[in-house]
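**Q**
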Amino acid sequence: MHLKSITVQNFRNIAFAELAFDNSRQFFVGENAQGKTNLLEAAGFISALRSFRTSEDRTLIAHGKAEAAIACEIEHEKFGLTRVTIRLRPGGKEVHCDGERIRKLGDYIGRFPTVVFTSQDLLLVRGSPGGRRRWLDLALAETDPEYLRALQEYHRALASRNQLLKRGNGGASALSAELDAFEQPLARAAAQLAKRRAAGVEKLNAHVAAAYEKITAVAEGRAKPPAEPDRIDNQSTPAAQPEASPYPASKSPAAAIAYAPSVANGTELDETGWASQFASGRERDTLMRTTLSGPHRDDCELTVGGRPAREFASEGQQRGLAISLRLAEAAYLREQTGVNPVLLADDVLGELDPQRRRRFWASINSDDSRNQILATGTAPPDAELGSWQMFEVRGGMFS
Ligand SMILES: Nc1ncnc2c1ncn2[C@@H]1O[C@H](COP(=O)(O)OP(=O)(O)OP(=O)(O)O)[C@@H](O)[C@H]1O
1 MHLKSITVQN
11 FRNIAFAELA
21 FDNSRQFFVG
31 ENAQGKTNLL
41 EAAGFISALR
51 SFRTSEDRTL
61 IAHGKAEAAI
71 ACEIEHEKFG
81 LTRVTIRLRP
91 GGKEVHCDGE
101 RIRKLGDYIG
111 RFPTVVFTSQ
121 DLLLVRGSPG
131 GRRRWLDLAL
141 AETDPEYLRA
151 LQEYHRALAS
161 RNQLLKRGNG
171 GASALSAELD
181 AFEQPLARAA
191 AQLAKRRAAG
201 VEKLNAHVAA
211 AYEKITAVAE
221 GRAKPPAEPD
231 RIDNQSTPAA
241 QPEASPYPAS
251 KSPAAAIAYA
261 PSVANGTELD
271 ETGWASQFAS
281 GRERDTLMRT
291 TLSGPHRDDC
301 ELTVGGRPAR
311 EFASEGQQRG
321 LAISLRLAEA
331 AYLREQTGVN
341 PVLLADDVLG
351 ELDPQRRRRF
361 WASINSDDSR
371 NQILATGTAP
381 PDAELGSWQM
391 FEVRGGMFS
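Numbering follows full-length UniProt numbering, in which position 107 of the sequence shown is assigned residue number 107; successive positions increment by one, without gaps.
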């Protein structure tokens, strides 16, 4: 899809901006705190009706204003020319798509995919599991309405179960009838989530590996196993040298993502299996006053050269991996929906070393589909990155 225009009103520090985009890529240049990210945030809002920076919609409304608005004209692979308008008020949002009021997120999410690249993406690699789960949930929810339904059902049932556990009067046996009632939908949704996450991550993994290989000179090959712990010279044993590997270095996967469910055999459990799983955790959960395991505690394991990226990858590799996750997300969305997402690159280019930066752009440009890219920076892009439609941003004004 292609954003042909965007109009933004009372959105953070943007009082009013009406921007028409040509068929090339758009670059927003300006000093810090001028409104560059705010514009990308508004553009990204059309995908899942949420900001990529905050879950608090009210913070998006300009100080002292009653409401904010975003309107986009989109050239879309499936729907043709489409107009989306969004009004944000402290009490909620109102969304229209070609004049039709959207009432359910499930009827809308995934129609207009965007993928955002920000400096915060490094947290996908280095941060806690919650960030990776949110990333995965969004990619899967945007491509699979059943996934979104299961996710919503799971979180509703989980919140009710936790509320009950917090009250906790009388221990697990006293609560058993009520727990039964909440664990039924919880188990149904958990079985769906685990199965769909496993399948989704497997597909994403192929894209992560391909993207990482494209943007990284895969000279890293197959990493050496760690030295034996009782050797004080910190040398690998001869058997652990790379030539002992049964795989040629160039064939070993450089980067990978794997589903790491919090319940080890979670992907094999059906609804009944999950129900007994939750039931068996009642004593412990009542004591701790919360549900300690389940899909809400899942993670994704990221590796480079077969080793956990968080502990062993270099800073450059971690940045490369974070960007690969986003490129993989874009490829996955395109593969699953047939719609080419708009890429929103928020000042990430400066953070990559020149070689990875070149490869990043080459990997995007080599794509048959040539995604539209809206990018920001405090300085104009290098000449080698080709031509852009340039906008200067100052105090929430665009010229
Ligand atoms: N609700 C709001 N109402 C008015 N202004 C706001 C609101 N929320 C944020 N701002 C202002 O928006 C500005 C930040 O804009 P933005 O995050 O787009 O910066 P930027 O141009 O991307 O800068 P950087 O290069 O530092 O990321 C700040 O001046 C901030 O005070």
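Even glycine gets a Cβ: it sits at the ideal position worked out from N, Cα and C.
Check whether the Cβ atoms of Gln9 and Leu374 lie closer than 8 Å to each other.
**A** No, the Cβ-Cβ distance between Gln9 and Leu374 is not below 8 Å.
**Q** Spatial neighbours of Pro113 within its chain, please: C-beta separation below 7 Å, excluding the five flanking residues on both sides.
**A** Contacts found: Ser47, Glu142, Leu333, Thr337, Val339, Pro341.
**Q** Please name the residue in Trp388, Phe28, Glu56 whose C-alpha comes closest to that of Thr378.
**A** Looking at the Cα atoms, Phe28 is the closest of the given residues.
**Q** When burial is assigned at 16 or more other CB atoms within 10 Å of the CB, is Phe11 buried or exposed?
**A** Flag for Phe11 reads buried.
**Q** What's the call for Asn38, buried or exposed, on a 16-neighbour Cβ count within 10 Å?
**A** Burial call: buried.
**Q** Here's a check: name, in chain order, each residue in its chain whose Cβ is nearer than 6 Å to the Cβ of Thr85, leaving out the five neighbours to either side.
**A** Ala71, His96, listed in sequence order.
**Q** Name the one or two DSSP bridge partners that Thr267 has.
**A** In the DSSP output, where bridge partners are listed per residue, Thr267 has none listed.
**Q** With 16 as the cutoff for other CB atoms within 10 Å, does Arg197 come out buried or exposed?
**A** So Arg197 ends up on the buried side.
**Q** Terminal residues of the continuous alpha helix (DSSP H) containing residue 459?
**A** This structure leaves residue 459 out entirely; the chain is present only between 1 and 399.
**Q** With 16 as the cutoff for other CB atoms within 10 Å, does Arg161 come out buried or exposed?
**A** Buried is the call here.
**Q** Using CA coordinates, which residue listed in Ser324, Asn371, Ala331 is at the minimum distance from Val348?
**A** Comparing Cα-Cα distances from Val348 to each of Ser324, Asn371, Ala331, the minimum goes to Ser324.
**Q** Classify Glu268: buried if its beta carbon has 16 or more other beta carbons within 10 angstroms, exposed otherwise.
**A** It counts as exposed.
**Q** Roughly how many angstroms separate the alpha carbons of Gln120 and Phe52, rounded to a whole number?
**A** Roughly 10 Å between the two C-alpha positions.
**Q** Look up Ala388 in the DSSP assignment and give the residues it is bridged to.
**A** First, the residue type needs correcting, since residue 388 is Trp and not Ala in the sequence shown. The partner list for Trp388 (beta bridge, DSSP) reads Arg25.
**Q** For ligand 1, I want to know if Gln34 counts as a neighbour, meaning its beta carbon is within less than 7 Å of at least one of the ligand's heavy atoms.
**A** Yes, the beta carbon of Gln34 sits closer than 7 Å to at least one heavy atom of ligand 1.
**Q** Cα separation between Glu392 and Tyr108?
**A** Roughly 32 Å separates the two Cα atoms.
**Q** Any chance you could list the beta strand (DSSP E) runs of at least 3 consecutive residues sitting entirely within the region 101-183, in chain order?
**A** The region 101-183 contains these whole beta strand (DSSP E) runs: 114-117.
**Q** Is the beta carbon of Thr376 within less than 7 Å of some heavy atom of ligand 1?
**A** Thr376: yes, Cβ under 7 Å from ligand 1.
**Q** Please state the DSSP three-state secondary structure of Lys93.
**A** If DSSP states are grouped into helix, strand and coil, Lys93 belongs with the strands.
**Q** Under 7 Å: does the beta carbon of Asp121 sit that close to some heavy atom of ligand 1?
**A** Result no, Cβ not under 7 Å from ligand 1.
**Q** Starting from Ala254, trace the alpha helix (DSSP H) in both directions and tell me its first and last residue.
**A** Ala254 -> no alpha helix (DSSP H), and no H or E assigned at all.
**Q** For Lys4, name the three-state secondary structure that DSSP assigns.
**A** Lys4: strand per DSSP, three-state reduction.
**Q** Pick helix, strand or coil for Thr286, following the three-state DSSP scheme.
**A** Thr286 falls in the helix class under three-state DSSP.
**Q** Is it the case that the CB of Ala62 approaches a heavy atom of ligand 1 more closely than 7 Å?
**A** Correct: Ala62 has its Cβ closer than 7 Å to ligand 1.
**Q** Under 7 Å from any heavy atom of ligand 1, does the C-beta of Thr37 make it?
**A** True, at least one ligand heavy atom lies under 7 Å from that Cβ.
**Q** Given 8 Å as the limit, is there contact between the region 77-92 and the region 272-291, that is, 3 or more CB pairs closer than that?
**A** Cβ pair count under 8 Å is below three, so no.
**Q** Taking the alpha-carbon of Asn32 as reference, which of Ser387, Arg83, Thr376 has the nearest alpha-carbon?
**A** Taking only the C-alpha atoms, the option nearest Asn32 is Thr376.
**Q** Classify Gly127: buried if its beta carbon has 16 or more other beta carbons within 10 angstroms, exposed otherwise.
**A** When all chains shown are included, Gly127 counts as exposed.
**Q** Is DSSP giving Pro295 helix, strand or coil here?
**A** The answer is helix: DSSP assigns Pro295 an H, G or I state.
**Q** Looking at ligand 1, does it come within less than 7 Å of Asn205, judged from the CB to the closest heavy atom?
**A** No, the Cβ of Asn205 stays beyond 7 Å of every heavy atom of ligand 1.
**Q** Using the beta-carbon count (16 or more within 10 Å), is Phe16 buried or exposed?
**A** Exposed: under 16 other Cβ atoms inside 10 Å.
**Q** Apart from the five residues just before and just after Ala68, which ones in its own chain have a Cβ nearer than 6 Å to its Cβ?
**A** Here the set comprises Asn10, Phe11, Leu60, Ile61, Leu88.
**Q** Who are the near neighbours of Asp22 in its chain, counting only those whose CB is closer than 7 Å to its CB and skipping five residues on each side?
**A** These residues qualify, in order along the chain: Gln389.
**Q** Three or more C-beta pairs closer than 8 Å, one from the region 145-158 and one from the region 264-280: is that the case here?
**A** Touching, no.
**Q** Taking Cβ positions, are Gln318 and Val125 nearer each other than 8 Å?
**A** Yes, the pair counts as a contact, with Cβ atoms nearer than the cut-off.
**Q** Spatial neighbours of Val115 within its chain, please: C-beta separation below 6 Å, excluding the five flanking residues on both sides.
**A** Arg326, Glu329, Ala330, Pro341, Leu343, listed in sequence order.
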